[in-house]
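Take 31 as the starting number for the sequence shown in our numbering and just add one per residue.
Quick reminder that beta carbons are idealized off the backbone N, C-alpha and C, glycines included.
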Amino acid sequence: MFVNFGRKAENNEYVVHNPPSVAPVKGSIIYEQPLHERMRLFMRLEVLMHRFWHSLQHDGGPDTHNALLTLIELLNLTNRVDLKRELMKELERQTTNLSRLKEDPGVDQRRLQAVIDQQRKLIENIHTINGQLDQQVKGNDFFNSVRQRVAIPGGTCDFDLPAYHFWLMRPVSERRKLLEEWARPFDDIHEAVGLILELIRNAGAPQNLTASKGFYEQTLDTSQPWQIIRIALPQNAPFYPEISAGRQRFNVRFLQPGDMRERAPQCQGDISFSLTCCAL
31 MFVNFGRKAE NNEYVVHNPP SVAPVKGSII YEQPLHERMR LFMRLEVLMH RFWHSLQHDG
91 GPDTHNALLT LIELLNLTNR VDLKRELMKE LERQTTNLSR LKEDPGVDQR RLQAVIDQQR
151 KLIENIHTIN GQLDQQVKGN DFFNSVRQRV AIPGGTCDFD LPAYHFWLMR PVSERRKLLE
211 EWARPFDDIH EAVGLILELI RNAGAPQNLT ASKGFYEQTL DTSQPWQIIR IALPQNAPFY
271 PEISAGRQRF NVRFLQPGDM RERAPQCQGD ISFSLTCCAL
């Protein structure tokens, strides 16, 4: 476990800093691969929640439509799993592991305690969520009519859903208020997922490696609870990684997409890249 909460400065005060594996490298692209189903769920939630809030900040009817479609995706995803249980188990696991750092003299104890307190507060908040996350919309005929029609290509056209067309023409403040109300159960979920993934991404040290003829393979130490693999490449790199991972090993193939019109072949030259294996 490599969790960087701080280091001692010359005046014996602790200063918090992030390792290079987490801070976005200017001009680089990060590719990530979850190593088990719980991380896969959390990373999908993260993408959908970011997309929802991004769309919500814009004013146009198409932006509102995108926000609503993303909220429907969120609800469909979370209704398939016991998300509350998965979040609480992961937060409790991380809290236990971080508590072991309390005796480490090289750790910023104030920062560490603040994170543990935040985790415990989130566990309490998630525990108090009653019912499923779609409770705000379950009996809403308008929401459910849109939810049913989105499965049909073009099914939300104005002649199919005149009430929806009317709503999309309402003032943005009115539309945004309703979307925020429907999404309110995700407030603590959003914070919990963000904290969990941030800590895991911090729990790794980057290595500069080379993939011979576009291929790299590595065995994982099964005594470590590996959760995410991260690969950093220059933003202008004319290739991308395809990661295949299991519990004991993973491999990376670097592919050249060209103009995206044909199947991408594997690179034949040696590829330099940065690899971070994250375990907390």
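Residue i: first and last residue of the uninterrupted beta strand (DSSP E) it sits in
i, result
"residue 264", "256 to 264"
"residue 64", "58 to 64"
Span separating the alpha-carbon of residue i from that of residue j
i, j, result
"residue 231", "residue 255", "13 Å"
"residue 297", "residue 124", "38 Å"
"residue 247", "residue 304", "14 Å"
"residue 3", "residue 287", "Since the displayed the chain opens at 31 and closes at 310, residue 3 lies outside it and no answer follows."
"residue 234", "residue 146", "19 Å"
"residue 69", "residue 96", "25 Å"
"residue 295", "residue 267", "15 Å"
"residue 292", "residue 134", "53 Å"
"residue 164", "residue 101", "10 Å"
"residue 178", "residue 280", "40 Å"
"residue 250", "residue 263", "22 Å"
"residue 301", "residue 160", "50 Å"
"residue 112", "residue 162", "9 Å"
"residue 216", "residue 206", "15 Å"
"residue 241", "residue 167", "49 Å"
"residue 270", "residue 174", "40 Å"
"residue 128", "residue 142", "8 Å"
"residue 228", "residue 115", "20 Å"
"residue 59", "residue 158", "38 Å"
"residue 257", "residue 236", "15 Å"
"residue 253", "residue 238", "23 Å"
"residue 183", "residue 190", "12 Å"
"residue 172", "residue 99", "14 Å"
"residue 185", "residue 310", "44 Å"
"residue 188", "residue 265", "41 Å"
"residue 61", "residue 79", "19 Å"
Residue i, buried or exposed, once every other Cβ within 10 Å from all chains shown has been counted against 16
i, result
"residue 290", "exposed"
"residue 261", "buried"
"residue 82", "buried"
"residue 308", "buried"
"residue 169", "exposed"
"residue 57", "exposed"
"residue 181", "exposed"
"residue 136", "exposed"
"residue 244", "buried"
"residue 283", "buried"
"residue 306", "buried"
"residue 85", "buried"
"residue 192", "exposed"
"residue 144", "exposed"
"residue 138", "buried"
"residue 22", "This structure does not reach residue 22, given that the chain is present from 31 up to 310, and the question cannot be answered."
First and last residue of the uninterrupted alpha helix (DSSP H) at residue i
i, result
"residue 133", "Premise fails: residue 133 is in no alpha helix (DSSP H) and is neither H nor E."
"residue 84", "67 to 86"
"residue 92", "91 to 108"
"residue 171", "171 to 179"
"residue 166", "Unbroken run through residue 166: none, as it is neither H nor E."
"residue 147", "139 to 157"
"residue 192", "192 to 198"
"residue 205", "202 to 213"
Worksheet item: Counting Cβ pairs, one atom from each stretch, are 3 or more of them under 8 Å apart for the stretch 204 to 223 and the stretch 109 to 123?
Response: yes
Worksheet item: Could you give the uninterrupted runs of the beta strand (DSSP E) lying entirely in the stretch 229 to 307, keeping only those of 3 residues or more?
Response: 237 to 241, 245 to 249, 256 to 264, 270 to 275, 279 to 285
Worksheet item: Does the stretch 97 to 107 come close enough to the stretch 196 to 212 that 3 or more CB-CB pairs lie under 8 Å?
Response: yes
Practice prompt. Determine contact between the stretch 62 to 81 and the stretch 274 to 281, defined as no fewer than three beta-carbon pairs at a distance below 8 Å.
Written response: With the cut-off at 8 Å, the stretch 62 to 81 and the stretch 274 to 281 touch.
Discussion item. Does the structure place the stretch 68 to 76 close enough to the stretch 137 to 155 that three or more beta carbon pairs sit under 8 Å?
Written reply: no
Worksheet item: Are the stretch 86 to 94 and the stretch 194 to 202 touching by the rule of at least three beta carbon pairs closer than 8 Å?
Response: Judged by Cβ distances under 8 Å, the stretch 86 to 94 makes contact with the stretch 194 to 202, as three or more pairs qualify.
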